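When the letters of the sequence shown are read in order and numbered with our numbering, they come out as residues 409 to 573. Beneath this line is the structure, given in structure tokens, with notes to follow.
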Amino acid sequence: MGLDARVYCDCIQRGHIKTPHPFPELLFLDEDGCPNIRSDDLERQVLHDTWQWKDACTHQNCTAIHHRIGNISHISHIRRTIQELQLLTRFEYTIVLQKILFSGSHAGDRITIDLLTALEQEIQKLRTNTHLIHDSDTRKALAYFTEQVQELVRASWDTGNPIIF
Ligand SMILES: [Zn+2]
């Protein structure tokens with residue numbers, strides 16, 4: 409249990425494919441940018457999954473970036489820290505708190521491209537304010553968190569795919 413975030417790569421959109429798909433006529437990209445097939449046939453699903461995992465492109469599982477954000481207690485620690493900074497600095501970290509840290513184990517949701525600019529602003533603001541935290545371990549944890557989110561944002565800009573949890 410914990411929180412993981414990823415951004416799928418855009419190799420298929422760009423035609424950077426290593427091995428042809430076993431059923432190219434069934435292949436499509438879902439709203440996360442994740443390759444999928446229009447078929448419920450189990451055997452085809454398995455072949456597709458194998459292709460996606462290792463044969464589609466140079467990325468494993470067509471994933472441009474994957475970050476383990478942390479386990480449940482780590483997430484709640486980061487959340488409390490940012491809530492304290494919010495009170496101290498009167499700046500609201502809406503996307504960070506409501507879309508990323510609202511739970512230590514959410515999955516199946518996403519941050520869409522239209523929110524990236526605002527998210528980047530929040531991350532910049534967090535970086536500016538990290539020095540206000542007294543505990544050095546917490547400061548390090550927050551610095552690492554902002555670094556991870558910044559990398560996810562960058563990958564999302566680069567690929568045009570959302571950040572997904
Ligand atoms: Zn790729």
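Beta carbons are placed, not taken as given, at the ideal position from N, Cα and C, and that holds for glycine. Every value quoted in this text rests on a predicted model; they were computed, and no experiment measured them.
So what does residue i bridge to, in DSSP terms?
i, result
"G423", "Bridge partners of G423: none, in fact."
"R476", "D412"
"P443", "L437"
"T471", "Y416"
How far does the beta strand (DSSP E) with residue i in it extend, from its first residue to its last?
i, result
"F436", "435-437"
"A515", "Segment: none, A515 is in no beta strand (DSSP E) and carries neither H nor E."
Per DSSP, what kind of secondary structure is residue i in: helix, strand or coil?
i, result
"Y352", "Any question about residue 352 goes unanswered here, given that the chain covers just 409 to 573."
"I508", "helix"
"I571", "strand"
"C519", "At residue 519 the sequence reads Ile, which differs from the Cys that was named. If DSSP states are grouped into helix, strand and coil, I519 belongs with the strands."
"F499", "coil"
"P430", "coil"
"H485", "helix"
Between which two residues does the alpha helix (DSSP H) harbouring residue i extend?
i, result
"I531", "524-537"
"D457", "450-458"
Taking 7 angstroms as the limit, tell me which residues put their C-beta closer than that to any heavy atom of ligand 1, in chain order. C417, C419, H424, A464, C465, T466, H467, C470, A472
Would you call the region 416-429 and the region 462-470 in contact, with 3 or more CB pairs under 8 angstroms? yes
Is the region 534-548 close to the region 479-496, with three or more CB pairs under 8 angstroms? yes
Could you check whether the region 504-517 touches the region 437-451, counting it as contact only if at least three pairs of C-beta atoms, one from each stretch, sit closer than 8 angstroms? no
Would the region 419-427 count as touching the region 459-466 if we require 3 or more Cβ pairs under 8 angstroms? Output reads yes: the region 459-466 touches the region 419-427.
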